[in-house]
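K.L.:
In the working numbering, the protein residues as written are 2 to 361. Ideal Cβ positions, reconstructed from N, Cα and C, are used throughout, including at glycine.
#1: What separation, rounded to the nearest whole angstrom, lies between the Cα atoms of residue 275 and residue 93?
#2: Taking the alpha carbon of residue 146 as the point to measure from, which residue in 283, 45 and 198 has its own alpha carbon closest?
#3: Which same chain residues, not among the five before or five after residue 104, have their C-beta less than 7 Å away from its C-beta?
#4: Can you look up residue 66 in the DSSP assignment and give me helix, strand or coil?
#5: Pull up the distance between the alpha-carbon of residue 76 and that of residue 68, whole angstroms please.
#6: Checking 8 Å against the spacing of the C-beta atoms, do residue 195 and residue 19 come in under that value?
#7: Please report the straight-line C-alpha distance between residue 256 and residue 89, rounded to a whole angstrom.
#8: Classify residue 238: buried if its beta carbon has 16 or more other beta carbons within 10 angstroms, exposed otherwise.
#9: Candidates 91, 191, 58 and 259: which alpha carbon is nearest residue 248's?
#10: Give the secondary structure of residue 243 by DSSP, where H, G and I count as helix, E and B as strand, and everything else as coil.
#11: Starting from residue 155, follow the alpha helix (DSSP H) in both directions and report where the run begins and ends.
#12: Using CA coordinates, which residue listed in 132, 242 and 294 is at the minimum distance from residue 206?
#13: Distance check for residue 7 and residue 17, CA to CA, integer angstroms please.
#14: Check whether the segment 150-161 and the segment 178-196 touch, using three or more Cβ-Cβ pairs below 8 Å as the test.
#15: Give the DSSP-derived three-state secondary structure of residue 38 in the structure shown.
#16: Are the CB atoms of residue 22 and residue 15 within a distance shorter than 8 Å?
#17: Only counting the same chain, and skipping five residues up and downstream in sequence, which positions put a Cβ closer than 8 Å to that of residue 72?
#18: Could you give the distance in angstroms between the alpha-carbon of residue 240 and the alpha-carbon of residue 52?
#19: For residue 188, which residues in the same chain have their Cβ closer than 8 Å to its Cβ, ignoring the five residues on either side in sequence?
#20: Report the CB separation of residue 10 from residue 218 in whole angstroms; it is logged as a contact under 8 Å.
#21: Taking Cβ positions, are residue 180 and residue 161 nearer each other than 8 Å?
#22: Run the CB neighbour count on residue 24, radius 10 Å, all protein chains shown included, and call it buried at 16 or more, exposed below.
#23: Using a Cβ-Cβ cut-off of 6 Å (strictly less than) and excluding sequence neighbours within five positions of residue 12, which residues of its own chain qualify?
#24: Using a threshold of 8 Å, state whether the C-beta atoms of residue 259 and residue 54 are closer than that.
#25: Check this for me: beta carbons of residue 252 and residue 74, under 8 Å apart or not?
#26: Out of 201, 128 and 112, which has the shortest C-alpha to C-alpha gap to residue 210?
#27: If I'm right that residue 224 touches residue 30 with Cβ under 8 Å, what's the distance once you round it to whole angstroms?
#28: Return the chain-ordered list of same chain residues with a C-beta closer than 6 Å to the C-beta of residue 326, the five sequence neighbours on each side being excluded.
#29: Helix, strand or coil for residue 197, going by three-state DSSP, please let me know.
#30: With DSSP run on the structure shown, which of helix, strand or coil describes residue 252?
#31: Comparing alpha-carbon positions, which option in 65, 56 and 110 lies nearest residue 97?
#32: Of all Cβ atoms in chain D, is any one closer than 8 Å to the Cβ of residue 118?
#33: If we count the other Cβ atoms within 10 Å of its Cβ and call it buried at 16 or more, is residue 130 buried or exposed?
#34: Between residue 141 and residue 220, what straight-line distance do the alpha-carbon atoms span, to the nearest angstrom?
#35: Among 192, 159 and 120, which residue has its Cα nearest to the Cα of residue 144?
#36: Would you call residue 338 buried or exposed, if buried means 16 or more other Cβ atoms sit within 10 Å of its Cβ?
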């Protein structure tokens, strides 16, 4: 992996001895990176939750959907849509589990980085604190050294002036001489203490500088790992999206394949063939005159039937033709046979015409 030309260890220094702007910028980056990881974990978990809720909604939708009355190819398409909706619900359930796994992985990665960052930050915090404290002690030693040197110079000037004075007694001169000697000792001690603090401060500075370089490289490597991992994780999240969409499109394509042969005429003909009741229509209801109907009843005339019957034909040998009626004629009553050689009335040679039946 390509590293930047100017890394962390070459880009985050502060010219002031106790300055911390560079390190604070790095630490802010570390904290911001942790926050981003936390935000992404939260986002992915919420996305997994949304996929789970969507799965439940689709499942309940399929359970509530009816429409079983639809027939033909359209009915097959409708049933296929419900079936594939169940498959799509399962796809989103699988996606929710994959998102949950991503969230768990990122949370574990972030926790590991958090512990490393905490150690790095604490180590540098202690070094900066030690450096700044030693710097303050060194400044105090310097101020003391400067003050003692000034006192020594002042005492020497006073001693030189008293020594040249005419009225100065030997006792006074010894007193100033003793003061000069003491100031020299104090100045030498202050100088020694100042130099000691300077040396100690330099050692601390060298340690701090070395650790600063080291921890800058550690922080840069942590950022490299975080950015690489986050990029990979977000890529995997989009792959879950893409994979779900592709499989979902395969599901809806199955529905399309069911609907492609659907023909309006064909589905209508299928319904007709499976549910037809016949092509005979009811006849017209004729107007029925109440009074004619009443007269017919008084004359004992039967009400005409809607269906016609075949006419009854009287044999040709009769001298009268029977009236065509919807009712069959009554059978002829046989006459009493006369005694002697006369033929029967029913004989074809009889001279007596048959008596027609009386209407009832």
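P.N.:
Result, derived from the coordinates:
#1: Approximately 40 Å between the Cα atoms of the pair.
#2: For the residues 283, 45 and 198, the minimum Cα distance to residue 146 belongs to 198.
#3: Only 42, 45, 46 and 49 meet the Cβ criterion.
#4: In this structure, residue 66 counts as coil in the three-state DSSP scheme.
#5: Using only the alpha carbons, I get a separation of about 8 Å.
#6: Cβ distance not < 8 Å, so residue 195 and residue 19 don't count as in contact.
#7: For the pair residue 256 and residue 89, the Cα-to-Cα distance works out to about 12 Å.
#8: Residue environment: residue 238 is assigned as buried (16 or more neighbouring CB atoms within 10 Å of its CB, all protein chains considered).
#9: Of 91, 191, 58 and 259, the residue nearest in Cα terms is 91.
#10: Helix at residue 243.
#11: In the DSSP annotation of this structure, the continuous segment of the alpha helix (DSSP H) that includes residue 155 starts and ends at 73-165.
#12: Here the closest residue by C-alpha is 132.
#13: Approximately 21 Å, taken between the alpha carbons.
#14: By the Cβ criterion, the segment 150-161 is in contact with the segment 178-196, since at least three pairs of Cβ atoms, one from each stretch, lie closer than 8 Å.
#15: In the three-state scheme derived from DSSP, where H, G and I count as helix and E and B as strand, residue 38 is classed as helix.
#16: Yes. Within cutoff.
#17: 268, 271, 272 and 275, listed in sequence order.
#18: Cα-Cα distance, rounded: 15 Å.
#19: Answer for residue 188: 146, 149, 150, 152 and 153, listed in chain order.
#20: At roughly 6 Å, the Cβ-Cβ gap stays under 8 Å, so residue 10 and residue 218 are in contact.
#21: In this structure, residue 180 sits away from residue 161, with a CB-CB distance that is not shorter than 8 Å.
#22: The C-beta of residue 24 has 16 or more other C-beta atoms within 10 Å across all chains shown, which makes the residue buried.
#23: Within the same chain, residue 12 has no close Cβ partners at all.
#24: For residue 259 and residue 54, no; Cβs fall outside 8 Å.
#25: Cβ distance not < 8 Å, so residue 252 and residue 74 don't count as in contact.
#26: With respect to the C-alpha of residue 210, the residue from 201, 128 and 112 having the closest C-alpha is 128.
#27: Residue 224 to residue 30, Cβ: 7 Å. Contact.
#28: Low confidence applies here, because residue 326 scores a pLDDT of 42, under 50, leaving its location unreliable; read the following figure in that light. Correct list: empty, nothing qualifies.
#29: Residue 197: helix per DSSP, three-state reduction.
#30: In this structure, DSSP gives residue 252 a helical state, which the three-state scheme calls helix.
#31: The residue with the shortest Cα to Cα distance from residue 97 is 56.
#32: The structure shown contains no chain D; it holds only a single protein chain.
#33: Per the 10 Å Cβ criterion, exposed.
#34: Rounded to the nearest angstrom, the gap between the Cα atoms of residue 141 and residue 220 is 35 Å.
#35: Ranked by how close their Cα comes to the Cα of residue 144, the residues 192, 159 and 120 have 192 in first place.
#36: Note that residue 338 scores 45 on pLDDT, short of 50, meaning its location in the model is unreliable; the coordinates nonetheless yield the value given after this. With fewer than 16 Cβ atoms within 10 Å of its Cβ, residue 338 is classed as exposed.
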